[in-house]
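Here the protein sequences come in this chain order: G and Z.
Heads up: the first sequence runs through residues 11 to 201, numbered per this note's numbering.
Heads up: the second sequence runs through residues 11 to 201, numbered per this note's numbering.
Number of protein chains: 2
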Amino acid sequence: MDHLIFENFSKHITLSDSEKSYVSSLLSEKNVLKKEVLLRQGQTCNKFFFVEKGSLQAFNINEDGKESTIMFALSDWWITDMDSFVNQTTSNLTIAALEDSKLIELDFANLQILYKELPVFERFFRILFQNAYIREQRRALYNISMTTEERYLQFVKKYPAMVEKITQKQIASYLGVTPEFLSSIKKKSAS
Amino acid sequence: MDHLIFENFSKHITLSDSEKSYVSSLLSEKNVLKKEVLLRQGQTCNKFFFVEKGSLQAFNINEDGKESTIMFALSDWWITDMDSFVNQTTSNLTIAALEDSKLIELDFANLQILYKELPVFERFFRILFQNAYIREQRRALYNISMTTEERYLQFVKKYPAMVEKITQKQIASYLGVTPEFLSSIKKKSAS
Numbered sequence: 011m012d013h014l015i016f017e018n019f020s021k022h023i024t025l026s027d028s029e030k031s032y033v034s035s036l037l038s039e040k041n042v043l044k045k046e047v048l049l050r051q052g053q054t055c056n057k058f059f060f061v062e063k064g065s066l067q068a069f070n071i072n073e074d075g076k077e078s079t080i081m082f083a084l085s086d087w088w089i090t091d092m093d094s095f096v097n098q099t100t101s102n103l104t105i106a107a108l109e110d111s112k113l114i115e116l117d118f119a120n121l122q123i124l125y126k127e128l129p130v131f132e133r134f135f136r137i138l139f140q141n142a143y144i145r146e147q148r149r150a151l152y153n154i155s156m157t158t159e160e161r162y163l164q165f166v167k168k169y170p171a172m173v174e175k176i177t178q179k180q181i182a183s184y185l186g187v188t189p190e191f192l193s194s195i196k197k198k199s200a201s
Numbered sequence: 011m012d013h014l015i016f017e018n019f020s021k022h023i024t025l026s027d028s029e030k031s032y033v034s035s036l037l038s039e040k041n042v043l044k045k046e047v048l049l050r051q052g053q054t055c056n057k058f059f060f061v062e063k064g065s066l067q068a069f070n071i072n073e074d075g076k077e078s079t080i081m082f083a084l085s086d087w088w089i090t091d092m093d094s095f096v097n098q099t100t101s102n103l104t105i106a107a108l109e110d111s112k113l114i115e116l117d118f119a120n121l122q123i124l125y126k127e128l129p130v131f132e133r134f135f136r137i138l139f140q141n142a143y144i145r146e147q148r149r150a151l152y153n154i155s156m157t158t159e160e161r162y163l164q165f166v167k168k169y170p171a172m173v174e175k176i177t178q179k180q181i182a183s184y185l186g187v188t189p190e191f192l193s194s195i196k197k198k199s200a201s
């Protein structure tokens, strides 16, 4: 197993070598091709994905066919449909690979074992979810208080590595506007 | 100390009587009057508030004077500026009482003690933050995929007890629209 996920754990918790071996036994590696679907809207989400290499997108398609991106995940990010995963309910999201990617999967049952056998993972995920909550709360504030232009510039500034990997259409779907509207804003902003 | 906060803890963790006493020693009660400010935008947030009775509002005022509500908290809810509290940075939010309220305060230093002395609180807050993350992720999806009318109807359906306590202006500030726009939507929706 690659080391990136253990570096990720070590940001918040310390594991002994034997604990690392045990954790490894609960994880599995998965290689996916570009556009491969990991979770389809309507299924129950059983996996928490860690991106070792590559990038993923989580998006919803509504009744009118409008695509809305809830998040992108690059290398060193965790991603799942948290609602579906935690509550084991039907997912509102599809998760797919934006490029050929290497993932680590932690499934729902194994995470429960991890919490029980190594409670230090309560701390790890407490901090992970706390930071995710902060990120989403900030996004909610941006969504209701900023113009689309401000939100676009803020996204580009905050996630430069992501902007290199994704299309303008995908950025528009994250901002909740049409690609045409985003394009008109960018022209105005550049002039 | 009132029992509501201990009922709240008991949703996710079990505490012995002596642990409860210890936890009580780290908490403090606070009574606030309607409109009293608990945190002012620009300060560092040192408190995590639990609402025993009453209700609070957390909002941002931008450079143009536009008020945006990040959340409301009723009885049995936790509220803070998570970013400012966790990272001990300047707050973007003001937290104020919507009515005379009774609160329990947990300050930043005491929460660190709690994590250390009673690690079961890592689990408690892991679940609290996980649920908060789910709520905010759902809100982000609504913000970018739904019309204002759909978001208004969804808010009313999801938080009926809140709607009784807050003004239309406050609901508008949560949805990120002007009160006039919300009013026109409601008229359209009722006709």
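Quick reminder that beta carbons are idealized off the backbone N, C-alpha and C, glycines included.
Z/L116 (DSSP reduced to helix, strand or coil): Three-state result, Z/L116: strand.
Where the beta strand (DSSP E) through G/F30 begins and ends: According to the sequence provided, residue 30 of chain G is Lys. The question's Phe does not apply to it. In the DSSP assignment, G/K30 falls outside any beta strand (DSSP E) and within the unbroken alpha helix (DSSP H) covering D27 to L36.
Length-filtered (4 minimum) alpha helix (DSSP H) runs lying within the stretch 77–140 of chain Z: Taking only runs of at least 4 residues, the alpha helix (DSSP H) segments lying wholly in the stretch 77–140 of chain Z are 92–97 and 118–127.
Under 7 Å (Cβ pairs) to chain G, residues found in the stretch 128–148 of chain Z: Flagged, chain order: P129, E132, R133, F135, R136, F139, Q140, A142, Y143, I144, E146, Q147 and R148.
Neighbour list for Z/V61 in chain G, Cβ cutoff strictly below 8 Å: Residues of chain G passing the Cβ test: none, with the nearest at roughly 18 Å.
Straight-line Cα distance separating Z/Q53 from G/T177: Going from the Cα of G/T177 to the Cα of Z/Q53 covers about 39 Å.
Residues of the stretch 66–94 of chain G with Cβ closer than 7 Å to any Cβ of chain Z, in chain order: Here the close residues are N70, N72, K76, S78, I80, M92 and D93.
Cβ separation of Z/F131 and Z/L124, assumed to be a contact under 8 Å, to the nearest whole Å: Confirmed, Cβ separation roughly 5 Å.
Nearest neighbour of G/S78, chosen from G/L84, G/F69 and G/S85 [CA to CA]: Comparing Cα-Cα distances from G/S78 to each of G/L84, G/F69 and G/S85, the minimum goes to G/F69.
Endpoints, the beta strand (DSSP E) within which G/N70 is located: From DSSP, the beta strand (DSSP E) with G/N70 extends over S65 to I71.
Whole-number beta carbon distance between Z/A150 and G/I105, since they are thought to touch under 8 Å: That pair is no contact at about 16 Å.
Positions along the stretch 175–191 of chain Z whose CB lies within less than 9 Å of some CB in chain G: Only S183, Y184, L185, G186 and V187 from the stretch 175–191 of chain Z bring a Cβ to less than 9 Å from some Cβ of chain G.
Residue burial classification, Z/F191 (beta-carbon count within 10 angstroms, cutoff 16): Here Z/F191 is exposed: its Cβ has fewer than 16 other Cβ atoms, across all protein chains shown, within 10 Å.
Any 3 or more C-beta pairs closer than 8 Å across the stretch 162–176 of chain G and the stretch 161–176 of chain Z: Contact between the stretch 162–176 of chain G and the stretch 161–176 of chain Z is absent, with fewer than three C-beta pairs closer than 8 Å.
C-beta neighbour in chain Z for G/N120, strict 7 Å: Cβ-Cβ to chain Z under 7 Å: no for G/N120.
Interface flag, Z/I105 vs chain G, CB-CB below 7 Å: It does not: the Cβ of Z/I105 has no partner Cβ on chain G nearer than 7 Å.
Simplified DSSP state of G/L213, which is helix, strand or coil: Residue numbering for chain G in the displayed model covers 11 to 201; residue 213 of chain G lies beyond these limits and cannot be assessed.
Contacts of Z/N56 in chain C (Cβ-Cβ under 8 Å): In the displayed structure, chain C is absent; the protein chains listed are G and Z.
Same chain only: Cβ atoms within 6 Å of G/K87, ignoring 5 sequence neighbours per side: First, the residue type needs correcting, since residue 87 of chain G is Trp and not Lys in the sequence shown. Here the set comprises V61.
Nearest to Z/Y185 (by Cα), restricted to the options G/H13, G/Q98 and G/Y152: It is Leu, not Tyr, that sits at residue 185 of chain Z in the sequence shown. Closest by alpha carbon: G/Y152.
Contact with chain Z by G/N18, beta-carbon distance below 7 Å: Chain Z, which has no Cβ nearer than 7 Å to the Cβ of G/N18, makes this no.
Cβ-Cβ distance between Z/E127 and Z/G64 below 7 Å: Z/E127 places its beta carbon 7 Å or farther from that of Z/G64.
Element boundaries [alpha helix (DSSP H), containing Z/K167]: First-last of the alpha helix (DSSP H) with Z/K167: T158 to K168.
Burial state of Z/F16 (16 or more Cβ within 10 Å): So Z/F16 ends up on the exposed side.
Partner residues on chain Z for G/V96, Cβ-Cβ distance less than 7 Å: Chain Z residues near G/V96: Q140 and I144.
Three CB pairs or more closer than 8 Å across the stretch 137–149 of chain Z and the stretch 84–104 of chain G: With a cut-off of 8 Å, the stretch 84–104 of chain G and the stretch 137–149 of chain Z count as touching, because enough Cβ pairs lie within range.
Residue environment, G/E73, which counts as buried when at least 16 other CB atoms sit within 10 Å: G/E73 should be labelled exposed.
Residues of its chain near G/C55, where Cβ-Cβ distance is below 7 Å and the 5 sequence neighbours each way are ignored: The beta carbon of G/C55 sits closer than 7 Å to those of L49, T90, D91, S94, F95 and S101, all from its chain and outside the five residues before and after it, given in chain order.
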